[in-house]
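For reference, the structure discussed in these notes is given below.
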Amino acid sequence: MLRRGLTSALAVAAATLLLGALAAPATAAPKRTWAGFEPPSPSYPGESVTRDVPITMDDGVVLSADVTAPALADGSPAPGRFPVIIEQTPYSKALAPATRYAAYGYVYVLVDVRGTGTSDGAFGVLDERERRDGRELVAWAARQPW
515 MLRRGLTSAL
525 AVAAATLLLG
535 ALAAPATAAP
545 KRTWAGFEPP
555 SPSYPGESVT
565 RDVPITMDDG
575 VVLSADVTAP
585 ALADGSPAPG
595 RFPVIIEQTP
605 YSKALAPATR
615 YAAYGYVYVL
625 VDVRGTGTSD
635 GAFGVLDERE
645 RRDGRELVAW
655 AARQPW
C-alpha cells in the first residue's frame with residue numbers, strides 16, 4: 515500500500531512539473547552583442563566589378579582575377595585609395611559568393627590560382643610557386659591606383 519501511494523505521489527509530482535513547464539510563457543533569450551560594438555554602416559552605395567583581370571607573374575604565367583572596388587551610386591569608381599583584400603582560390607572565382615567588402619571601403623581581389631579556373635599554368639597544392647604568386651599579387655595590388 516505504501517508503495518502504491520509513493521508511486522501515485524511521484525506521478526502527480528511529475529504531471530505537475532510537466533504541466534507547469536508547458537503553461538509557462540515562452541520568453542526569448544536576450545540578444546547577445548559585443549559590449550559597445552555597433553556594426554558600421556556601408557560607406558559606398560555601389561561596387562565596380564572588373565572580371566578576368568590578367569596579372570602576369572615573374573615566370574610569365576598569367577593569373578586571372580576578379581576585382582571588386584567601391585563605387586558611387588551611379589556605378590563610377592569611388593575616388594581615393596582603399597585597403598585591399600586578396601583571396602586566392604583553386605575552386606574557380608566564378609563560384610565565389612557575392613561580397614560586401616566594397617560597400618565598406620575595401621577592394622576585393624579574387625584570383626584563380628595557377629592551373630585553375632581561368633588562370634594559366636600548372637596547379638600545385640600550396641607549393642612554393644603558389645606562395646611566390648601570393649607575394650607577387652600583394653606587390654601588384656600595391657601598384658594599383660585604387
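In this note's numbering, the protein residues as written are 515 to 660. In this text, a Cβ means the ideal position worked out from N, Cα and C, and glycines have one as well. Since the model is a prediction, treat every value here as computed from it, not as a measurement.
Q) Quick one: Cα of Asp588 to Cα of Gly560, how far? A) Straight-line spacing of the CA atoms in Asp588 and Gly560 works out to 8 Å.
Q: Have a look at Val621 and Ile599 and give me their C-alpha separation to the nearest angstrom.
A: Using only the alpha carbons, I get a separation of about 6 Å.
**Q.** Proximal residues to Pro568 (C-beta, below 7 Å), its chain only, five neighbours per side dropped
**A.** Within its own chain, the residues whose Cβ lies closer than 7 Å to the Cβ of Pro568, once the five positions on either side in sequence are excluded, are Val576, Ser578, listed in chain order.
(Q) Measuring CB atoms only, is the segment 621 to 633 touching the segment 642 to 658, in the sense that at least three cross pairs come out at less than 8 Å? (A) Between the segment 621 to 633 and the segment 642 to 658 there are three or more inter-stretch CB-CB distances shorter than 8 Å, so the stretches are counted as touching.
Q) In whole angstroms, what separates the C-alpha of Ala655 from that of Pro553? A) Spanning the two alpha carbons is a distance of roughly 27 Å.
Q.
I'd like to confirm the pairing. Which residues does DSSP put opposite Ala583 in its beta bridges?
A. In the DSSP output, where bridge partners are listed per residue, Ala583 has Ser562.
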